[in-house]
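Under my numbering, think of the first position of the sequence shown as 7, with each following residue one higher.
Read through the structure below, which is laid out as structure tokens, and then see the notes.
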Amino acid sequence: MSTEGNESHSLLFPRLDARSLQMLQSRGTVRKTAAAEILFNRETLQHGLFVVLSGSIELVGVSNGYESVISVLGQGEFTGELTQLSGRRSLVSCRVSTAGEVLEVDRASLHHIMRTDAVVGNLLLNAFVQRRIYLIANAVGDAVLIGSTHSSDTLRLRSFLVRNGHPYTYLDIDEDPDIQSVLDQFGIELADIPVLICRGDVVLRAPSNAEAAVCFDLNAGLDQTDVFDVVIVGAGPSGLAAAVYGASEGLNALVVESNAPGGQAGSSSRIENYLGFPLGFRDRSWRTPPTFKRRSLARDCPLLEAPVRCNASSILIGSNSTTEV
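Given below as structure tokens:
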């Protein structure tokens, strides 16, 4: 699973040039590190970005139940992937392999830089997107789905995870020869299928999409105290277009969706006639919240069912008592 020695390493982990490093230093804090120190782990929410100034750090992920080093980062290289934009739980851990110094840029400062400096913003975002693609391709993350190809709920959950860009390991009860040991370990009966195991210890039996979103903190980046100028319910092409134009006019815009960005159109391999993109879109990359954010300056797309409640001073939109805006 390691990227060391691969041609893809430079694509996944580009080295910052002097100008980009200077820009990040203007908003960050230098700190010393000690060998074996944990900078963040897979339970960390809304953490920032680390740039190696001296020494080295390693990124560690879990795939198919085994922990391994994804890459060792040296001087000028930086951590981070799409969770830095969404505020969701980290999918990997980071520990110091050789003591030295790192530059820490908190999430708010990172967002400011990406909004105001196109060169640095594009460099970081392109690396973040490539890293998420790598995590998905190698099933590095905190999700294990146990299901069957004959189960419609299994198909629904697989679609939900894929369309939200969340890496997962899939175990099929009809094909995996070792599946019984996994079922016994978590006390799962065949009648419970499909089962979603979150973060290695939370077992959800035939969960709804909303329950899966809560388990993986997919709405962690949403500040429920924010007051929005406009809330668009439905993240299909028209909903995304409304958010694009609202945000471009300076409105504090939010798009909410019950399944995944793209709405019904999100299952299509090609979208045509989308304003501003005459050639259309040929893959799911346009539907990912960070890609949408890059193009529209709008926020991440929280996953909510959307009953609306009104009173004299406000309108509340949300699925239940745990998440509303």
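Beta carbons are placed, not taken as given, at the ideal position from N, Cα and C, and that holds for glycine.
The Cβ atoms of Phe222 and Cys204 lie closer than 8 Å to each other. Taken in chain order, the whole alpha helix (DSSP H) runs of length 4 or more contained in the stretch 159-234 are 185-192, 215-221. Val236: member of the beta strand (DSSP E) spanning 236-239, first to last residue. Val125 and Met29 have their C-alpha atoms roughly 10 Å apart.
In terms of Cα proximity to Leu97, the closest of Ser115, Ala249, Tyr140 is Tyr140.
Look at the beta carbons and you see the stretch 147-155 touching the stretch 171-186: at least three pairs across the two are nearer than 8 Å. Here the alpha carbons of Gly67 and Leu161 stand approximately 26 Å from one another.
Between the alpha carbons of Glu43 and Ser103 lies a distance of about 8 Å. Assigned with DSSP and collapsed to three states, Val125 falls in helix. In the DSSP assignment, Ser103 falls within the beta strand (DSSP E) that extends over 99-111. Distance check between Gln90 and each of Gly80, Phe56, Val108, Gly61 places Phe56 closest, using alpha-carbon atoms only. Within its own chain, the residues whose Cβ lies closer than 7 Å to the Cβ of Ala145, once the five positions on either side in sequence are excluded, are Ser69, Asn70, Pro173, Tyr174, Thr175, listed in chain order. Relative to Asp112, the option among Leu189, Arg138, Ser32 whose CA is nearest is Ser32. Between Leu88 and Arg138, the CB-CB gap stays under 8 Å.
A residue is called buried once 16 or more other Cβ atoms fall within 10 Å of its Cβ, and Asp148 is buried on that count.
Pro200 is classed as buried because its beta carbon has at least 16 other beta carbons within 10 Å across all chains shown.
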